[in-house]
C-alpha cells in the first residue's frame, strides 16, 4: 500500500511539473559548469532532431543543465568529467558516499554501460530539490532521480539512485 501511495505522489509531482511549464523555445547550447541563471538551458542530450524545450530558470535551470551535462559526459564515456558534477558528499542509492571508484563501478554496471542511450528531463521537484530523468537505451526505459544542491551560483548532484 505504501508503494502505491509513493507511486501516486510521484505521478502527481511529475504531472504538476510538466503542466507548470508554459513557454517553449528552441534549446541553446549548454555550459560545462551548470550555473543558476535566467538563461535557457537544454533539457535533453542531443539527438538527431531536438524538440523545443520549456524555459527554465534558477535552481531548476541549473539542475536541468547539470543533468544534461552529467549524462552527456557518461555518453562520451568520460567518467572523470561526470564525477565532477557530483557534490563532494554525494551518495548513492544505498546512502553511502560515492567515491570515484564506486561511481565508476556504478556506471560500469548500469543499464547504459557501453550502450547508446537518450536522456530526457521528466520533471523537477523543489522539496527536496530533485530532477527526474528518463533514460532509454533502446531495450530498457527507466527513471533516475538526481538530488540537487545549490552552491551559490552553481549546483551539484547530492544523491542519485541509479545512472
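In our numbering, the protein residues as written are 184 to 346.
Where a beta carbon is used, it is the ideal one built from N, C-alpha and C, also for glycine.
Keep in mind the model is a prediction, meaning the values are calculated, not measured.
- Comparing alpha carbon positions, the residue from 270, 293, 314, 275 closest to residue 320 is 293.
- CA-CA distance, residue 299 to residue 326, rounds to 16 Å.
- In the three-state scheme derived from DSSP, where H, G and I count as helix and E and B as strand, residue 307 is classed as strand.
- The beta carbon of residue 260 is closer than 7 Å to none in its chain, skipping five residues each way along the sequence.
- Where residue 283 is concerned, the enclosing alpha helix (DSSP H) starts and stops at 283-291.
- Distances from the CA of residue 346 to each of 245, 334, 328 were compared; the closest alpha carbon is that of 328.
- Straight through space, the alpha carbons of residue 305 and residue 291 are spaced by roughly 24 Å.
- Taking all protein chains in view, the Cβ of residue 281 is crowded by 16 or more other Cβ atoms within 10 Å, so the residue is classified as buried.
- Under the three-state reduction of DSSP, residue 257 is assigned to helix.
- Look at residue 242 here: in three-state DSSP terms it is helix.
- Counted as a single uninterrupted DSSP element, the stretch harbouring residue 266 is not any beta strand (DSSP E) but the alpha helix (DSSP H) occupying residues 262-267.
- Between residue 272 and residue 295, the alpha-carbon positions lie close to 24 Å from each other.
- Where residue 315 is concerned, the enclosing beta strand (DSSP E) starts and stops at 312-319.
- Going by beta carbons, residue 270 and residue 339 fall inside the 7 Å limit.
- With respect to the C-alpha of residue 330, the residue from 267, 264, 315, 336 having the closest C-alpha is 315.
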